[in-house]
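Line by line, the protein sequences are chains P and A.
Whatever position you read off the first sequence (first residue = 1), add 280 for the numbering used here.
Whatever position you read off the second sequence (first residue = 1), add 1212 for the numbering used here.
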Amino acid sequence: MSLTRPIRRVGSVFIDASYEIGGAARLLVRIFRRLVPPDLDIPELRRCLLRMGYRSLSIMIATAFVVGIILVIQAFVFVDRYGLRSQLGWGAGFTTIRELGPVLLALMFSGRVGAYTAAELGTMEVTEQVDGLRCLAIDPISYLVVPRFVAMVISLVALTIIGNTVALLSASVMGDIMMDVDQHTFWSNLFAMLTPWDYATSIIKAALFGAIIAVTSCHYGLTTTGGAPGVGRSVNNAVVSSAVAIFVVDYLSTFVMG
Amino acid sequence: MINLVNIHRTFDGEKALDGLTLFVPRGTLMGIIGPGGCGKSTLCKVACGLIRPDIGAVVVDGVDLVRADRKKLLDVQRNCGVQFQNDALFEHMTVLANVEYPLRRLTDLGLGEVRARAMERVAMVGLSGFEDRYPNSLSGGQRRRVALARACVTDPLILICDDPTAGLDPVTSRRILDMIAGIRYQTGNTVIVVSSDVPGLLSVCERTALMWSGRIIEEGIPADFMRSERDEVKRFLDDARLPFGGNG
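Okay, structure coming up:
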């Protein structure tokens, strides 16, 4: 009996994970069906863009600013030891644009917007507001999910572009202060070494992460049961699952995109 | 007309409906009573197509909701007003916006007419002056009344009220049941009301059904219902503190 328990537990975890992944994949298919041709509520999309994109701007800029500074502080030892001052722009740009920018900003976005969305939809589900929409012949996917999906993808792409820029600005200033790497050296090295594909990679990753956060948070929100504690569980599951999915997709996309 | 035939529905292995059969004639005010957890809310959601039964047929005005395609289901739902147990008010909208919303989504009425009709329904439920308030600033009874106004604002052919009196004091509870009865007599439409206020419900409804463990075990006009010889009916009415054999 005791020998089979770990196996049963692993099996149970696997079945639960498959159930959630299957549910999220099904939701993604339903979203795409409503995107071609577009069937979404435009006023709701506008509200979502304002709330998810514009109102996240300050916290994302603050995060990106600190990321740029930390990057230079961490790089200082190696740049100083090997005399790579002229390569600081490339190093900071490559790391920020291809990896740190999209991933860290996506995790921040998941904590702020994904958690909010899971809580919002979860509360609507347990208070029967979603049923109320169905009764008014309003498709909850078109009205609630598709605008959030589109808004999260657009917002995270835009915030990642802005965040990358801010992180590089703060890195260039910090490089100037700590290592005497002047602005011209930093930026000319960065633009000379980075290719358009590096920028494209960042945008593709941001779009993928936005889609992951949207689908995960909407899936957990709409499958909430069990009142207020259920909403808490949904938020927790949405944030944890989004983070795991972001790292897995980051690995796969890095592997595929080089 | 609503006809539910041999409905079975299970949630996570628990039977919510277990062979339920119920016929609600057109234009009837049908009261559903029963102990907590017997499946009354599930019955309401099955009757308006929000929950699909595992087995059985749900026929609403000649359309079988189980086999109907999405378009037909939406057509039926357009003619179905539902007041949910949790009110289901949209918290980001004012009272007036909540009541206007079904008219904006489901009708072609102009803005002025939508506003006038919504104001009229808000006044009908006694909430004039509360139009610009948000649901979170209202009491439980006021929220129920807003939900009732929203459910009936389009004059739906079928009105389903899922425990509109839950948690309310007897006076407010009776007031809400009287409003529902008033809507039924004004419009002549079909109304299904689930309520834990058994005396109040028996005094306003035309037919009553008792649910027990996921099925209807007694159904009839309130006077006959009160004289039922079934043990479960006697026990339930006794628990509800109704004098058995009385006239309701």
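Ideal Cβ placement from N, Cα and C applies to all residues, glycine included.
Source: prediction; values computed, not measured.
If you check each beta-carbon in the region 1309 to 1324 of chain A against every beta-carbon of chain P, the ones closer than 9 Å belong to Y1313, P1314, R1317 and L1318. With contacts defined by Cβ atoms closer than 8 Å, A:L1241 and A:C1417 form a contacting pair. Scanning the region 455 to 523 of chain P for uninterrupted alpha helix (DSSP H) segments of 4 residues or longer gives 463 to 473 and 476 to 502, listed from N- to C-terminal end. By the rule that beta-carbons nearer than 8 Å mark a contact, P:T407 touches chain A. Among the residues of the region 326 to 346 of chain P, none has a Cβ less than 7 Å away from any Cβ of chain A. For A:Q1297 and P:I287, the gap between their C-alpha atoms comes out near 42 Å. Our two residues, P:Y531 and P:Y500, have alpha carbons roughly 24 Å apart in a direct line. Taken through DSSP and simplified to helix, strand or coil, A:D1320 comes out as coil. Look at the beta carbons and you see the region 451 to 467 of chain P not touching the region 503 to 520 of chain P: under three pairs across the two are nearer than 8 Å. The Cβ-Cβ distance between P:I484 and P:S533 falls below 8 Å. Of the candidates P:V293, P:F429 and P:V359, P:F429 places its Cα closest to the Cα of P:R313. For secondary structure counted as the beta strand (DSSP E) over 3 or more consecutive residues, the region 1404 to 1441 of chain A holds these complete runs in sequence order: 1419 to 1424 and 1427 to 1432.
Distance from the CA atom of P:Y299 to the CA atom of P:R310, rounded to whole angstroms, is 17 Å. Contact annotation for P:D411 against chain A: K1257, L1262, V1294, F1296 and A1300 [CB-CB distance below 8 Å, chain order]. Less than 8 Å separates the beta-carbon of P:A487 from that of P:V433.
Taking 7 Å as the upper bound on Cβ-Cβ separation, chain P lies near no residue of the region 1344 to 1377 of chain A.
With fewer than 16 other Cβ atoms inside 10 Å of its own Cβ, P:L283 counts as exposed. Among the residues facing chain A, P:C498 is not included, as its CB has no counterpart in that chain under 8 Å away.
The beta carbon of A:E1303 is closer than 8 Å to those of Y1346, P1347 and N1348 in its chain, skipping five residues each way along the sequence. From the beta-carbon of A:L1339, no residue of chain P is found nearer than 8 Å; the closest lies around 18 Å away. No Cβ of chain P is located within less than 8 Å of the beta carbon of A:L1413.
Contact annotation: A:R1419 and A:E1431 have beta-carbon atoms nearer than 8 Å.
Contacts between A:R1290 and chain P, judged by CB atoms closer than 7 Å, involve A417 in chain order. Taking a Cβ-Cβ cut-off of 7 Å, the neighbours of A:L1286 in chain P comprise A417, given in sequence order.
In this structure, the alpha-carbon of P:S292 lies about 47 Å from that of A:L1413. A:M1305 carries a coil assignment under DSSP once its states are collapsed to helix, strand and coil. One thing to note: P:A431 has its Cβ within 8 Å of the Cβ of P:L329. A:I1370 is positioned such that its CB atom lies no closer than 8 Å to that of A:T1319. For A:T1222, the uninterrupted beta strand (DSSP E) run begins and ends at I1214 to F1223, by DSSP. Taken through DSSP and simplified to helix, strand or coil, P:I526 comes out as helix. As computed with DSSP, A:K1446 is found in no beta bridge at all.
Contact between the region 1350 to 1365 of chain A and the region 1309 to 1323 of chain A is established, with three or more Cβ pairs separated by less than 8 Å. Secondary structure note for A:G1239: it is in no alpha helix (DSSP H), with a DSSP letter that is neither H nor E.
Counting C-beta atoms within 10 angstroms of its own C-beta, A:L1323 has fewer than 16 neighbours from the protein chains shown and is therefore classed as exposed.
A:G1268: member of the beta strand (DSSP E) spanning I1267 to V1272, first to last residue.
P:S497 places its beta carbon 8 Å or farther from that of P:S468.
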